[in-house]
Amino acid sequence: MNRLEYDENTAHWLAWSHILNGRQLKKLFSCFMSGKEAWHAPSTEFQRLEFKAETLQKISEERARLDPQKALEQTKKLGIEVIMFGDPAYPPLLAQIYDAPVLFFYRGQLPRANELLIAIVGTRSVSRYGQAATVTLTRELATDGLGIVSGLARGIDAIAHESTLEVGGKTIGVLGTGLADTDIYPREHIKLARKIIECGGCLISEYPPGIGPEKHHFPERNRIIAGLTLGTLVVEAPATSGALITAKLALEYDREVMAVPGNIFEKNSAGTNDLIKLGAKVVTGAADVKEALQIKTIIHERIALRPDMTAEEKIVLNFLSQNPLHIDNIQGEAKINSAVLGSTLTLLELKGAVKDVGGKYYIRLIEP
-18 MNRLEYDENT
-8 AHWLAWSHIL
2 NGRQLKKLFS
12 CFMSGKEAWH
22 APSTEFQRLE
32 FKAETLQKIS
42 EERARLDPQK
52 ALEQTKKLGI
62 EVIMFGDPAY
72 PPLLAQIYDA
82 PVLFFYRGQL
92 PRANELLIAI
102 VGTRSVSRYG
112 QAATVTLTRE
122 LATDGLGIVS
132 GLARGIDAIA
142 HESTLEVGGK
152 TIGVLGTGLA
162 DTDIYPREHI
172 KLARKIIECG
182 GCLISEYPPG
192 IGPEKHHFPE
202 RNRIIAGLTL
212 GTLVVEAPAT
222 SGALITAKLA
232 LEYDREVMAV
242 PGNIFEKNSA
252 GTNDLIKLGA
262 KVVTGAADVK
272 EALQIKTIIH
282 ERIALRPDMT
292 AEEKIVLNFL
302 SQNPLHIDNI
312 QGEAKINSAV
322 LGSTLTLLEL
332 KGAVKDVGGK
342 YYIRLIEP
């Protein structure tokens, strides 16, 4: 299939995603050679797929209304890309699950095929204990080179994304809505979503632009979180938490399930403690995660301070930490000429000593 044919096929499957849910789309995908063939098939072809009457009616109405090529163009104008199952860039772990999406939408940079990803999920109503555990574990794992996947929800999800960005790591937000700025939910996470993209991560959804939050979308998106990753870590969750759906799916997909133990008197820890009783790996530190996933630290060793490091480099390094600091604040603290500061930061980046995490905010990667 050449590029033109691929784009045409993608445009037609994208149009189908405006009409059918993921399960219906999968059924259609298995019965037709291409999205275009399905788009122009007679209505009788869909009856044999045992679609309900209302679905057949919707197919008839929407095929008359939608222009697949325009739908693709409008999607791309929003900065949203589409990837089909079978594309070389389709994440290999996600492709392995039995209910992998026929297509999904993304903004930002997709993870590399060999990138190690872990899901960190939990309750929206996070406690101080859950917050501290999420920050500590996420920072350590992201610093060790793992990509952090979560759902951009309030609570544990947002903390996991933010903590990853704070140490210069990459994170992926999997949404239960479309990916246009006007779709993102919760609304207060639009800035976080943009920062994820700016810092080299991405947003992923199987829902086309214009689709808002629906209750059933979130359990559906959880399968993508579980499917993308080597394992799922549940930090804090009551017995009814949606995070437990992600853990259950990870188990179905033969991925590792891990949990942070919690206070036996706290409802917020009932779900994680139950997971441990059912055989989830106990996690009290990042080393437990790496052991469970049978991986070694993949980040390059941080360079030691070198005897020939300049005085300016040492000064700048002393003012930085793992909390991002804007270049203007660095200049104010270090009292260094702006031109000298710019070149100093560039040299420190080349040495692997600092990282620009976006927007001229810098963090330190080694001890001074």
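Under the working numbering, read the sequence shown as residues -18 to 349, first letter to last. All C-beta atoms in this analysis are idealised placements derived from N, C-alpha and C, irrespective of residue type, glycine included.
Closest residue to residue i among the options (Cα-Cα distance)
i    : options                   : result
V116 : A141, H197 and A(-8)      : A141
L222 : L91, V102, P69 and R345   : The question names Leu, but residue 222 is Ser in the sequence shown. For S222, the nearest C-alpha among the options comes from V102.
F246 : D164, Q312, A220 and E237 : A220
E18  : P49, L232 and E31         : P49
K176 : I192, S144, I205 and G126 : S144
L214 : A228, G208, I192 and R204 : A228
E35  : T56, Q5 and M14           : Q5
Y110 : A123, E217, K7 and D125   : E217
K7   : F32, E(-14) and S24       : F32
L1   : A320, F27 and P69         : F27
A123 : N304, A114 and I99        : I99
P194 : R105, A231 and I165       : I165
N299 : A315, R93 and I276        : A315
Three-state class that DSSP yields for residue i in the structure shown
i      : result
V116   : helix
T104   : coil
H(-7)  : helix
R345   : strand
C12    : helix
D138   : helix
K262   : strand
L184   : strand
L286   : Residue placement at L286 is poorly supported in this model, since its pLDDT is 40, which falls under 50; the coordinates are not used for a value here.
H(-1)  : coil
H170   : helix
I78    : coil
I280   : For I280, the predicted structure reports a pLDDT of 40, less than 50, and the residue's modelled location is therefore unreliable. The matter cannot be settled from this model.
I192   : coil
G60    : coil
V148   : coil
D(-12) : helix
L232   : helix
D337   : strand
L298   : helix
L122   : helix
Rounded straight-line distance, which links the Cα of residue j to that of residue i
i      : j      : result
G3     : G157   : 12 Å
R135   : P167   : 7 Å
G89    : L(-5)  : 19 Å
D162   : G60    : 10 Å
D138   : P72    : 21 Å
A261   : A268   : 15 Å
S324   : A334   : 14 Å
A240   : I226   : 13 Å
R29    : L37    : 11 Å
K341   : H307   : 6 Å
S302   : E187   : 37 Å
E233   : L256   : 14 Å
P189   : C183   : 16 Å
D(-12) : E294   : 49 Å
I205   : G67    : 16 Å
P242   : K58    : 45 Å
L173   : G159   : 16 Å
M14    : N(-10) : 10 Å
A350   : E62    : There is simply no residue 350 to check, as the chain begins at -18 and stops at 349 in what is shown.
I344   : K336   : 5 Å
E282   : K332   : For E282, the predicted model reports a pLDDT of 38, less than 50, meaning its position is unreliable; a value from the coordinates is still stated below. Answer to the nearest angstrom: the Cα atoms are 11 Å apart.
F199   : I153   : 16 Å
V321   : G126   : 30 Å
Buried or exposed (CB count within 10 angstroms, at least 16 for buried), residue i
i    : result
R202 : buried
S131 : buried
T210 : buried
H21  : exposed
T265 : exposed
Y87  : buried
L150 : Just to set this straight, residue 150 is Gly in the shown sequence, not Leu. By the 10 Å Cβ count, G150 comes out buried.
K271 : buried
H197 : exposed
Range covered by the alpha helix (DSSP H) that runs through residue i
i    : result
R204 : H198 to L209
V367 : Outside the shown range of the chain, which is -18 to 349, sits residue 367, and nothing can be said about it.
D269 : A267 to L274
I40  : A34 to R46
S24  : S24 to Q28
Delimiting residues of the beta strand (DSSP E) encompassing residue i
i    : result
F86  : L84 to G89
T291 : It is not in any beta strand (DSSP E) - T291 carries neither H nor E in the DSSP assignment.
T221 : Taken as a continuous stretch (DSSP letters only), T221 belongs to no beta strand (DSSP E), as it is neither H nor E.
A240 : E237 to A240
S319 : Taken as a continuous stretch (DSSP letters only), S319 belongs to no beta strand (DSSP E), being part of the alpha helix (DSSP H) at S319 to L331.
G128 : G128 to S131
G313 : Counting along the chain, G313 falls outside any beta strand (DSSP E), though it belongs to the alpha helix (DSSP H) covering I308 to A315.
V155 : T152 to V155
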